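A.B. asks: Structure provided below as structure tokens; questions to follow.
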Amino acid sequence: MLFASALVIGGSAIAADDIEQKAQICATCHGADGVPINNTTPVIWGQDEGYLYLQLRDFQKGTRKSPLMEPIVADLEKQDMYDLAAYFTNKKWPNLGQPSAPSDVAAKAESAAKSIGCRGCHLDHFQGDGTTARLAGQWQEYLLSQMLAFRDGSRGNNPGMSDLMKATPKEDLEPLSKYLAGLQVDQYIGRGGR
């Protein structure tokens, strides 16, 4: 087991039992096996560590709003957020079994992605990196809800994304979310074991 005795993050050692216990709270909604309980809750297993940390921080600071997440993160220490981000990053991204987008939807999505430069941050396979979210294989409903939230300003923790979503025709958002949701890229990006 990866976390057999201790997890070393940021120069400090956290007992594996402690991090496992904290992660159990997350599993209530995000799933004990990495598959969230509903399609409006994001996959966090295998998500990029920096991105996960920033989201926890932003929920705590109130720059990202969520009546469910805000009380959960309220009492987390900075190290707790680092530890949880590292813990979930080292889990394997689950296959949600979403179908690949039909060719006409994929073409519309590719055109939209190219016009606003999605790959500039989310990379070639939409796998994300560092502080940028992985989009490939995420729940389609969650992706669409977040695109719309960036667009209408209700998700305010990334003004650059808000600007990009406002610049994208609204009718392109659903095809883009369907396309991204249907991508299973782990065999291409070397994350098959994670």
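In the UniProt record's numbering, the protein residues as written are 1 to 194. Heads up, the beta-carbon is just placed ideally off N, CA and C, and yes, glycines get one too. Here the structure is a predicted model, which means the values were calculated and not measured.
Comparing C-alpha positions only, which one of P71, Q138, A86 and C121 sits nearest to N38?
C.D. replies: Translated into positions along the sequence shown, residue 38 becomes position 38. Closest by alpha carbon: Q138.
A.B. asks: Figure out for me which residue from P42, L180, V43 and A23 has the closest Cα to the Cα of A106.
C.D. replies: To locate residue 106, count along the sequence shown from 1; it is residue 106. With distances taken between Cα atoms, A106 lies closest to L180.
A.B. asks: What would DSSP say about T168, mapped onto helix, strand or coil?
C.D. replies: Locating residue 168 in the sequence shown gives position 168, counting from the first residue. Reduced to three states, the DSSP call for T168 is coil.
A.B. asks: Return yes when the Cβ of L176 is within less than 8 Å of the Cβ of A109, no when it is not.
C.D. replies: Within the sequence shown, numbered from 1, the residue matching residue 109 stands at position 109. Within the sequence shown, numbered from 1, the residue matching residue 176 stands at position 176. Going by C-beta atoms, A109 is nearer than 8 Å to L176.
A.B. asks: Identify which residue in L135, S111 and A112 has its Cα closest to the Cα of H122.
C.D. replies: In the sequence shown, the residue the question calls residue 122 occupies position 122. Taking only the C-alpha atoms, the option nearest H122 is L135.
A.B. asks: Grouping DSSP H, G and I as helix and E and B as strand, with all else coil, what is T28?
C.D. replies: Your numbering for residue 28 matches position 28 in the sequence shown. In this structure, T28 counts as helix in the three-state DSSP scheme.
A.B. asks: Give the secondary structure of D18 by DSSP, where H, G and I count as helix, E and B as strand, and everything else as coil.
C.D. replies: Along the sequence shown, one-based indexing puts residue 18 at 18. It is helical.
A.B. asks: Hey, out of A85, G160 and E174, whose CA is closest to G117's CA?
C.D. replies: For the purposes of this step, residue 117 is identified with residue 117 of the sequence shown, where counting begins at 1. Comparing Cα-Cα distances from G117 to each of A85, G160 and E174, the minimum goes to G160.
A.B. asks: For E49, which option in H125, N90, L68 and C29 has the closest C-alpha, if you only look at C-alpha atoms?
C.D. replies: Position 49 of the sequence shown, counting from 1, holds the residue named residue 49. Cα-wise, what sits closest to E49 is N90.
A.B. asks: Report yes or no: do three or more beta-carbon pairs, one from the stretch 73-87 and one from the stretch 141-156, lie closer than 8 Å?
C.D. replies: Not touching, per the Cβ criterion.
A.B. asks: I'd like the list of long-range same chain contacts for N95, defined as Cβ closer than 8 Å, with 5 residues on each side in sequence excluded.
C.D. replies: Sequence index remark: in the sequence shown, residue 95 carries index 95 (1-based). G137 and Q184.
A.B. asks: Would you mind working out which of C29, Y87, S66 and Q24 sits nearest S154, comparing C-alpha positions?
C.D. replies: Translated into positions along the sequence shown, residue 154 becomes position 154. The shortest C-alpha separation from S154 is found at S66.
A.B. asks: Taking just the CA atoms, how far does Q98 sit from G31?
C.D. replies: Numbered from its first residue, the sequence shown carries residue 31 at position 31. Numbered from its first residue, the sequence shown carries residue 98 at position 98. Rounded to whole angstroms, G31 to Q98 spans 17 Å at the Cα level.
A.B. asks: In chain order, what residues of the same chain lie with their CB nearer than 7 Å to the CB of F59, ignoring the 5 residues before and after it?
C.D. replies: Mapped onto the sequence shown, residue 59 falls at position 59. For F59, where only same-chain residues beyond five positions count, the Cβ hits under 7 Å are S66, M69, E70 and V73.
A.B. asks: Give the DSSP bridge partners of D129, in chain order.
C.D. replies: Residue 129 sits at position 129 when you count from the first residue of the sequence shown. D129 pairs with T132.
A.B. asks: Distance check for A112 and D172, CA to CA, integer angstroms please.
C.D. replies: The sequence position of residue 172 within the sequence shown is 172, counting from 1. The sequence position of residue 112 within the sequence shown is 112, counting from 1. Each residue's Cα considered, the two are about 6 Å apart.
A.B. asks: With distances taken Cα to Cα, identify the nearest neighbour of A86 among P102, L56 and R64.
C.D. replies: For the purposes of this step, residue 86 is identified with residue 86 of the sequence shown, where counting begins at 1. Nearest option by C-alpha distance: L56.
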